[in-house]
Structure formats: structure tokens, C-alpha cells
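Accompanying notes for the structure given below.
There are 2 protein chains.
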Amino acid sequence: MRFSPLLDQLIEALRCLPGVGPKTAQRMALQLLTRGRDNGKRLAQSLTDAMHHIGHCQQCRIFSETPVCEICSSLHRDCAVLCIVENPVDVSVIEQTSSFRGKYFVLLGHLSPLDGIGPEELGMSKLKTRMENGELQEIIIATNPTVEGEATAHYISEMARGVEVKVTRIARGVALGSELEYIDANTLAHALVGREEI
Amino acid sequence: MRFSPLLDQLIEALRCLPGVGPKTAQRMALQLLTRGRDNGKRLAQSLTDAMHHIGHCQQCRIFSETPVCEICSSLHRDCAVLCIVENPVDVSVIEQTSSFRGKYFVLLGHLSPLDGIGPEELGMSKLKTRMENGELQEIIIATNPTVEGEATAHYISEMARGVEVKVTRIARGVALGSELEYIDANTLAHALVGREEI
Chain V
3 MRFSPLLDQL IEALRCLPGV GPKTAQRMAL QLLTRGRDNG KRLAQSLTDA MHHIGHCQQC
63 RIFSETPVCE ICSSLHRDCA VLCIVENPVD VSVIEQTSSF RGKYFVLLGH LSPLDGIGPE
123 ELGMSKLKTR MENGELQEII IATNPTVEGE ATAHYISEMA RGVEVKVTRI ARGVALGSEL
183 EYIDANTLAH ALVGREEI
Chain A
3 MRFSPLLDQL IEALRCLPGV GPKTAQRMAL QLLTRGRDNG KRLAQSLTDA MHHIGHCQQC
63 RIFSETPVCE ICSSLHRDCA VLCIVENPVD VSVIEQTSSF RGKYFVLLGH LSPLDGIGPE
123 ELGMSKLKTR MENGELQEII IATNPTVEGE ATAHYISEMA RGVEVKVTRI ARGVALGSEL
183 EYIDANTLAH ALVGREEI
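So the sequence lines, in the order shown, correspond to chains V and A. Read left to right, the first sequence gives residues 3 to 200 (the working numbering). Read left to right, the second sequence gives residues 3 to 200 (the working numbering).
This is the structure:
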């Protein structure tokens with residue numbers, strides 16, 4: 003059954019959100035109309051503002067409505083260390099650890115030739131320029147430990163070959179609180195190879 | 003960690019949607035920004051339209067942007083049978099069965115004195131007027147088979163006492179495809195009491 007045209011249109015539009023199917027979209031629309039019209043209007047306004055005004059930081063490519071983001075323009079962060087991540091949310095999770103005080107570079111994806119995502123889409127030329135300007139001492143590659151993430155990491159390390167800069171990769175090994183019994187062989191192999199003296 | 007102010011604002015605003023926590027809201031916002039700006043703008047527009055222009059049908063109280071909804075204004079439906087439901091979505095599920103051709107009345111909730119929802123909030127006076135205008139022959143009470151739904155059903159049946167109209171309640175019994183082993187005692191008791199001759 004169809005509701006009124008505007009309501010059907012809202013339900014359809016809500017399905018663009020990740021993880022929202024027809025049933026959830028219907029529930030969301032009806033709940034907003036029943037007891038959340040002010041919230042709905044506020045959400046509409048926030049969406050409009052965000053979609054129109056949020057761009058990318060000129061330096062690290064993270065989402066930002068200012069030309070240079072807060073982290074890149076901070077004077078309290080170490081300009082000599084650059085951490086390269088795939089997604090903006092990765093910056094968020096690394097910041098939560100409070101154990102990194104350098105700057106970031108966000109690729110906004112990983113190499114995926116079949117999807118038409120090559121070095122240019124990931125801002126590699128911008129990254130290259132940044133590597134060559136002599137300010138960097140270390141690059142930490144923190145792409146995801148997936149096949150695509152590893153390939154992207156490999157590409158970046160190759161790109162850094164001619165440049166006088168230390169290139170590191172975040173450690174791959176066993177996660178804290180996990181049990182060896184349930185860890186996959188590849189991870190365990192990495193943990194053994196990367197063992198540290200205590 | 004906080005993102006840019008507009009992005010934080012969008013993440014916060016998305017949390018008004020039912021079932022959306024901080025992590026999901028963050029994922030939604032980032033995905034819309036990364037590869038769904040047009041969808042995001044369309045959603046904002048649909049939300050604005052819906053929140054401002056969708057009201058309630060004057061006759062059945064369902065959501066509608068026209069004064070009288072499609073079902074209420076249809077000439078092909080039986081005006082003598084009125085099905086009373088709690089929520090707009092209930093109209094949708096009953097319509098999907100294709101086994102009801104009468105009209106609806108949507109309470110938009112159930113009696114819940116503690117939440118300040120009394121007969122007036124549920125449009126009982128409008129329902130009373132409708133019962134008394136002589137057009138109705140049968141009222142089917144299809145409120146949910148919960149404690150509140152049953153209480154609301156009881157209230158409506160009491161209200162219909164003085165009126166010349168047949169009042170029925172949807173059958174409570176075992177669901178098709180279920181197994182007796184797993185059915186609760188109350189439902190089974192209802193199924194026994196409401197047994198039908200075959």
C-alpha cells in the first residue's frame with residue numbers, strides 16, 4: 003500500500019542512508035511525522051548545510067568547511083610525522099587513542115582499479131608533493147590491513163623510494179584481549195614475524 | 003574526536019532517527035558526504051516538504067497532505083464498515099492483505115494515561131460523531147493485542163454501547179505457520195475460546 007505522495011517520497015529518500023531498507027525507512031518517516039517534526043526540520047537543515055558547505059581540507063583531504071581543517075592548521079602538532087589513512091573515520095579512531103600527535107593525510111578510499119579508483123582519485127600527486135617538500139621525517143601508513151589496503155600501502159611505499167623519508171606501517175598482530183585459538187593464521191604469522199623483545 | 007562543526011551537527015541531527023546511535027549516525031553522515039551528496043540534498047528536500055506539508059486526514063486522521071486522504075475519498079470503498087487501528091502503518095499492513103474494503107479510523111496511539119494520552123488525543127469525539135451519524139453498520143476494532151490495545155478496544159466498545167452498530171474485534175488466536183509448542187498460554191486460551199466450526 004502506498005501512503006500519501008509526499009510520505010512515499012520521504013520513505014524512498016530515506017533509503018539512501020546506509021543500512022536502511024524499506025521497513026526501516028517507513029518506520030523512520032512515520033516516527034518523524036508522529037513525534038519528531040522539529041527534529042525532522044532540524045535534520046533537513048543540517049543535511050542541506052552539510053551537503054552544500056562541507057568540502058575537503060586542502061592539505062589532508064578530510065571533510066572540512068574551512069579551506070584547511072583544524073588538525074592541519076594546529077600549531078601544537080608535529081609537522082614531521084604524517085599518518086596516511088583511508089577514511090575520515092580512521093582519523094577519528096586514531097585520535098581517540100591519544101597516541102599520535104602528528105598530522106594526517108586522508109586518501110578517501112583505496113586503490114581499486116576495477117571501480118575506477120586509481121592514484122589520482124586518492125590524491126597521490128598531492129601526497130608526493132608533500133613528501134618532497136622536505137618537511138616530513140616519517141610517514142606512517144595506516145591503511146586497512148585488507149588486500150586493497152595493503153596494495154595501497156605498497157604503492158605509497160614505492161612512491162616514497164626516491165625521497166629521504168622514513169616509511170613505516172602500523173603493526174599487524176594479535177589484538178588485545180583476543181585468544182590465540184581464534185586468530186587467523188595470516189595475522190598470527192604477522193605477529194610472529196613482527197615479534198618484539200621484552 | 004570531533005569532525006568539523008557542520009559534520010558534527012549533521013551526525014547529531016541524524017540521531018533523531020529511530021534506531022540510529024552515534025556510530026551509525028557517523029557512518030551515515032560520512033557516506034552521504036563521500037558518495038551521496040545528491041541523495042543527501044534530495045533527502046533534505048523530502049524532509050522539508052514532508053514536515054511542513056503533511057497533515058492529518060480530516061476523516062480518518064491518517065497522514066495526508068490533502069484534507070481528505072485517498073482511501074476516505076474513494077468511491078469504491080464500503081462506507082458502512084470502519085476499521086479502527088492504532089497507527090498509520092497498521093492501515094498499510096491491512097491493505098496488503100487485500101481482504102478489507104471498508105474505511106479506516108487511525109487513533110494515532112493507544113490509551114496511556116501515564117503518558118498523558120487520553121480519549122481526546124486519540125480523536126474519540128470524532129469517532130463518536132462518526133458512529134452516531136447513522137452511516138456505519140459495523141466497527142472492526144483492530145488495535146494491537148497488547149494490554150494497552152485491549153484497553154483501548156474496551157473503551158471504544160463501551161462508547162459504542164448506545165449506538166445501533168455492530169462492534170467486532172479482530173480474532174486473536176494462533177498465527178499461521180506457528181507451532182502450538184511455542185505459543186504462549188494466553189494466546190492459546192484465546193484460540194480455544196474463539197474456536198470456529200469447520
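Glycine included, C-beta positions come from ideal geometry on N, C-alpha and C.
- Minimum Cα-Cα distance from Ser6 (chain A) among the listed residues V:Arg4, V:Gly57, V:Ala27 corresponds to V:Gly57.
- Secondary structure of Val108 (chain V) (DSSP, three-state): strand.
- The DSSP-derived three-state label of Gly57 (chain V) is strand.
- For the pair Pro115 (chain V) and Leu124 (chain V), the Cα-to-Cα distance works out to about 12 angstroms.
- Less than 8 angstroms separates the beta-carbon of Val169 (chain V) from that of Ser159 (chain V).
- When the five nearest sequence neighbours on each side are left out, the beta carbons in the same chain lying within less than 7 angstroms of the beta carbon of Pro147 (chain A) are those of Arg174, in order along the chain.
- By the beta-carbon neighbour count (other beta carbons within 10 angstroms, threshold 16), Arg163 (chain V) is exposed.
- The beta carbons of Ile142 (chain V) and Ile200 (chain V) sit no closer together than 8 angstroms.
- Judged by beta-carbon spacing, Leu12 (chain V) lies beyond the 8 angstroms limit of Leu12 (chain A), meaning their Cβ atoms are not closer than that value.
- Note on geometry: alpha-carbon atoms of Pro121 (chain V) and Lys105 (chain V) lie some 21 angstroms from one another.
- When CB distances to chain A are screened at a threshold of 9 angstroms, the residues of the stretch 111-143 of chain V falling below it are Gly111, in chain order.
- Interface annotation for the stretch 155-176 of chain A against chain V: empty, criterion Cβ-Cβ distance under 7 angstroms.
- Boundaries cannot be given for Leu138 (chain A), as no alpha helix (DSSP H) includes it and DSSP labels it neither H nor E.
- Under the Cβ distance rule, Arg44 (chain V) counts among the residues neighbouring chain A, one pair being separated by less than 8 angstroms.
- Counting of Cβ neighbours within 10 angstroms places Gln98 (chain A) among the exposed residues, the total staying below 16.
- Taking a cut-off of 8 angstroms for Cβ pairs, the stretch 128-137 of chain A and the stretch 88-97 of chain A do not touch, as fewer than three such pairs fall below it.
- Residues of chain A with a Cβ closer than 7 angstroms to the Cβ of Ala15 (chain V) are, in chain order, Arg44, Leu45, Ser48.
- The shortest CA-to-CA distance from Val83 (chain A) to any of A:Ala191, A:Glu181, A:His112, A:Arg171 is the one to A:Arg171.
- Taken through DSSP and simplified to helix, strand or coil, Thr148 (chain A) comes out as coil.
- Approximately 7 angstroms separates the beta-carbon atoms of Thr26 (chain A) and Gly21 (chain V); this is inside 8 angstroms, confirming the contact.
- Per the DSSP secondary-structure output, Asp80 (chain V) pairs in a beta bridge with V:Gly104.
- With contacts defined by Cβ atoms closer than 8 angstroms, Leu32 (chain A) and Gly42 (chain A) do not form a contacting pair.
- Rounded to whole angstroms, the separation of the alpha carbons of Glu14 (chain A) and Glu152 (chain V) is 33 angstroms.
- Under a criterion of Cβ atoms nearer than 7 angstroms, the residues of chain V adjacent to Asn41 (chain A) are, in order, Cys18.
- Spatial neighbours of His192 (chain A) in its own chain (CB-CB distance under 7 angstroms, excluding positions within 5 residues in sequence) are listed in chain order as Arg174, Gly175.
- According to the DSSP assignment, Thr36 (chain A) belongs to no beta strand (DSSP E) but to the alpha helix (DSSP H) extending over 24-37.
- With contacts defined as CB atoms closer than 8 angstroms, Phe65 (chain V) and Leu9 (chain A) qualify as a contacting pair.
- For Ser66 (chain V), the neighbours in chain A by C-beta distance under 7 angstroms run, in chain order, Ser6.
- Arg63 (chain A) sits buried, since 16 or more C-beta atoms from the chains shown fall within 10 Å of its C-beta.
- From the listed residues A:Thr68, A:Pro24, A:Lys130, the smallest Cα separation to Arg4 (chain A) is found for A:Pro24.
- Going by DSSP, Val176 (chain V) is part of no alpha helix (DSSP H) at all; its letter is neither H nor E.
- Cβ atoms of Arg39 (chain V) and Met53 (chain A) come within 8 angstroms of each other, at about 5 angstroms.
- For Ile96 (chain A), the secondary structure class from DSSP, reduced to helix, strand or coil, is helix.
- DSSP places Thr68 (chain V) outside any alpha helix (DSSP H), giving it a letter other than H or E.
- For a cut-off of 8 angstroms, the C-beta gap from Cys18 (chain A) to Leu19 (chain V) is around 13 angstroms, too long to register as a contact.
- Under the 8 angstroms criterion on CB atoms, Leu35 (chain A) is classed as interfacial with respect to chain V.
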